[in-house]
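First comes the structure, then the notes that go with it.
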Amino acid sequence: MIVPTPHDNKTRRGFLKKTSGAIAGAVVMQTLSCTTVTAKPKSTEGNFKLGDYKLDSGEVLADAILGYETHGELNADKSNVILYPTWYT
0 MIVPTPHDNK
10 TRRGFLKKTS
20 GAIAGAVVMQ
30 TLSCTTVTAK
40 PKSTEGNFKL
50 GDYKLDSGEV
60 LADAILGYET
70 HGELNADKSN
80 VILYPTWYT
């Protein structure tokens, strides 16, 4: 890349204009060359019916349902599961 020097221009404004243009062009090219497109992992939503679920207090949640969402794929030994309870959101 050729960067103009102050001696190549008749005015300081011309130098700044050409220099800033060269820098802006370099930034755009760097940004475009670093951009990659990645596929979004497969995700599904569902509900698991717990039925009548008894709490530690002894109370029962009638017809309790647990909602869930999955992302990606489960590996063979099922070691890549992450449980993220909704009270953390």
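Position 39 of the sequence shown, counting from 1, maps to 38 under numbering that gives the first Met the number 0, and the rest follow consecutively.
Note that the Cβ used here is the ideal one computed from N, Cα and C, for glycine as well.
By how many angstroms is the C-alpha of residue j removed from the C-alpha of residue i?
i: Leu60; j: Val27; result: 57 Å
i: Gly24; j: Leu15; result: 14 Å
i: Asn74; j: Val80; result: 9 Å
i: Ile22; j: Thr10; result: 19 Å
i: Gly50; j: Glu68; result: 19 Å
i: Asp55; j: Tyr83; result: 21 Å
i: Phe47; j: Lys41; result: 19 Å
Using only CA atoms, which one of the options lies nearest to residue i?
i: Gly45; options: Lys39, Tyr83, Gly71 and Ile64; result: Ile64
i: Glu72; options: Lys39, Leu54 and Thr85; result: Lys39
i: Thr85; options: Asp76, Ser78, Gly66 and Lys77; result: Gly66
Using a beta-carbon distance below 8 Å, is residue i in contact with chain C?
i: Ala61; result: Protein chains in the displayed structure number just one, and chain C is not present.
Notebook entry, point to check: Curious, which full-length beta strand (DSSP E) runs of at least 3 residues does the region 42-82 contain?
Noted result: You should have 42-53 and 59-70.
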